[in-house]
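Trainee:
In UniProt numbering, the protein residues as written are 1 to 512.
(1) Just curious, the alpha helix (DSSP H) that residue 213 is in, first and last residue?
(2) Bridge partners of residue 263, per DSSP?
(3) Looking only at its chain, what residues have a beta carbon closer than 6 Å to the beta carbon of residue 1, apart from the 5 residues adjacent to it on each side?
(4) DSSP three-state call for residue 256: helix, strand or coil?
(5) Rounded to the nearest angstrom, what separates residue 273 and residue 56 at their Cα positions?
(6) So residue 178 is in the alpha helix (DSSP H); what residue range does that whole segment cover?
(7) Mind listing, in chain order, the continuous alpha helix (DSSP H) runs of no fewer than 4 residues lying wholly within the region 57-142?
(8) Is residue 35 buried or exposed, if buried means 16 or more other CB atoms sit within 10 Å of its CB?
(9) What do you get for residue 508, buried or exposed, if any count of 16 or more other CB atoms within 10 angstroms of its CB means buried?
(10) Which parts of the region 307-349 are runs of the alpha helix (DSSP H), unbroken and 4 residues or longer, counting only runs that do not cross its ends?
(11) Could you name the residues that DSSP lists as bridge partners for residue 463?
(12) Within 10 Å of its beta-carbon, does residue 158 have 16 or more other beta-carbons around it, so buried, or fewer, so exposed?
(13) Is residue 59 near residue 136, with beta carbons less than 8 Å apart?
(14) Whole angstroms is fine: what's the gap from residue 362's alpha carbon to residue 343's?
(15) Exposed or buried, residue 186, counting other C-beta atoms within 10 Å across all chains shown (16 or more means buried)?
(16) Count the C-beta pairs between the region 200-212 and the region 80-95 that are closer than 8 Å, then say yes if the count reaches three, no if not.
(17) By DSSP's criteria, residue 396 is part of a beta bridge. Which residues make up the other side?
(18) For residue 517, which residues from the same chain have a beta carbon less than 6 Å from its beta carbon, with the 5 sequence-adjacent residues on both sides left out?
(19) Could you name the residues of the same chain whose beta carbon sits closer than 6 Å to that of residue 364, not counting the 5 residues immediately before and after it, in chain order?
(20) Is residue 225 helix, strand or coil by DSSP?
(21) Sort out for me which residues DSSP pairs residue 270 with in a bridge.
(22) Just verifying my parser: in three-state terms, what is the DSSP assignment at residue 445?
Set out below in structure tokens:
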């Protein structure tokens, strides 16, 4: 049975070594770079920053003028026309001037942008920085899909509102369906709506791979034009990820470069097949693969939820990378919910004692309150599929879900309780627990007493079935250790029974 389980765990645990963490970025400055930055900081940077601020302020004032007298319903109901439409072009001019002031003097373009009728949706990737606003401006400021909270952002909120965005409100359970209907309505409308632009990755990465695309923009089942973004600079000061330089440092270093390169490539419009219309996730995956091939990048099964776990890991004093588990893949294969995974991460953080955030067999034993015995090593080996002597959070999560929890059935708990309750009194006393664990797991009296007190939450001097069951549910590893060595446990129980009970019971046991 174990030989069947182990390959499954090993297959699910494996993350290719060449898949880099897409949420980490470092800027390495050599001597030349340091000298250039120092020189530009006191000469060119102040001038660039001043002009960028002037252009941004001008664009914001124009946006305020254009939006004056318009409600949210007006922006969502009909595309802007007349002088407001002309004003949008002027706003785009000043926003483009802002980026010229920042060193983006020219843009290399490949391919051709499709019309709104040919491709109502534009999918831009990889998303790596707030500098990605420049490709959006170059596209003519199409309607962007953005989280609703950004509407309240000073300056930026007005500029985004002028694109007539499709806002996603996280607190609204109907928001996703409303977003889909909104995109479909604009795509099929006779009105002259702009295209809808979306960054389907949903978060910023370091452009070493394309992470999973969120399927939201693909649910409408309308043609999508993939738009690839590249920043082929020798020194990457553009990227802003979860772990790395902050936004202001990125702006400062970018404005201290002589020129910042940007390439935009329009790929052919992807018209969804009937299968893709029925399966938006397939649609999103096929578009992602097409873009990855054009960019020369690999795809990675990471998602925005991995970013959330990375943040949680950092809060628990774990290295960021401990939160990288390919959560979407685990959710689909193991049926895990994000909240449950976050709870297990909190438990894992208490187990991992080292600075590397990994769990050793000694950590595992301390967590379970057991000695480093053969049965415990056997269970740890099932978790440690790479044989390194340490397990990460992903291995722990998979092992817990596929090995430990399935073994922790009501039947197993009942059998184990009866095994410890040798006299059938309906409770377990300290002596019975001590005797059985001493022979089965080589535990000392001090260790068994400590474990007994953890289970005996009310301090009654005995463990009831409810207490036993509750503790077993919290730590399903006990059930797996029991099932791995059930025969040994039963043999030890029989031996203890013969030694400690009266002659009648001995005769009965020998007869059985």
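Glycine included, every Cβ here is placed at the ideal spot set by N, Cα and C.
Computed from a predicted model, the values in this text were never measured in an experiment.
Mentor: Quick look at the numbers:
(1) The count along the chain shown starts at 1 and reaches residue 213 at position 213. Premise fails: residue 213 is in no alpha helix (DSSP H) and is neither H nor E.
(2) Counting from 1 along the chain shown, the entry for residue 263 is found at position 263. Paired residues: 108 and 230.
(3) As a working note, residue 1 is residue 1 in the chain shown. Unreliable placement is indicated for residue 1, whose pLDDT of 40 sits below 50; the coordinate value is still reported in the next sentence. The same chain holds no residue with a CB closer than 6 Å to that of residue 1 once the five nearest residues on each side in sequence are set aside.
(4) Counting from one through the chain shown, the residue named residue 256 turns up at place 256. Of the three classes helix, strand and coil, the one that applies to residue 256 here is coil, per DSSP.
(5) For the purposes of this step, residue 273 is identified with residue 273 of the chain shown, where counting begins at 1. For the purposes of this step, residue 56 is identified with residue 56 of the chain shown, where counting begins at 1. So the alpha carbons of these two residues sit roughly 42 Å apart.
(6) Along the chain shown, one-based indexing puts residue 178 at 178. Where residue 178 is concerned, the enclosing alpha helix (DSSP H) stretches over 175-188.
(7) Every unbroken stretch of the alpha helix (DSSP H) spanning 4 or more residues and falling wholly within the region 57-142 is given here in chain order: 72-77, 82-101 and 133-138.
(8) One-based indexing of the chain shown puts residue 35 at position 35. Around the beta carbon of residue 35, a 10 Å sphere encloses fewer than 16 other beta carbons of the protein chains shown; the residue is thus reported as exposed.
(9) For the purposes of this step, residue 508 is identified with residue 508 of the chain shown, where counting begins at 1. Note on residue 508: pLDDT 36, under 50, position unreliable in the model; the coordinate value appears next. Around the beta carbon of residue 508, fewer than 16 other beta carbons sit within 10 angstroms, so the residue counts as exposed.
(10) With a minimum length of 4 residues, the continuous alpha helix (DSSP H) runs that stay inside the region 307-349 are 327-334.
(11) For the purposes of this step, residue 463 is identified with residue 463 of the chain shown, where counting begins at 1. Bridge partners of residue 463: 428.
(12) Here residue 158 corresponds to residue number 158 of the chain shown, with the count starting at 1. With 16 or more Cβ atoms within 10 Å of its Cβ, residue 158 is classed as buried.
(13) Within the chain shown, numbered from 1, the residue matching residue 59 stands at position 59. Within the chain shown, numbered from 1, the residue matching residue 136 stands at position 136. Between residue 59 and residue 136, the C-beta spacing is not below 8 Å.
(14) What you label residue 362 is simply residue 362 of the chain shown in a count that begins at 1. What you label residue 343 is simply residue 343 of the chain shown in a count that begins at 1. For residue 362 and residue 343, the distance between alpha carbons rounds to 22 Å.
(15) One-based indexing of the chain shown puts residue 186 at position 186. By the Cβ-count criterion, residue 186 is buried, with 16 or more other Cβ atoms from all chains shown falling within 10 Å of its own Cβ.
(16) Because the criterion of three Cβ pairs below 8 Å is not met, the region 200-212 and the region 80-95 do not touch.
(17) For this step, residue 396 is matched to residue 396 along the chain shown. Beta-bridge annotation (DSSP): residue 396 is not paired with any residue.
(18) Past the edges of the chain, shown from 1 to 512, lies residue 517, and the structure says nothing about it.
(19) Translated into the one-based positions of the chain shown, residue 364 becomes position 364. Around residue 364: 380.
(20) By 1-based counting over the chain shown, the position of residue 225 is 225. Residue 225 sits in a strand when the DSSP states are folded into three classes.
(21) Translated into positions along the chain shown, residue 270 becomes position 270. Answer is 224.
(22) Looking up residue 445 in the chain shown gives position 445. Helix.
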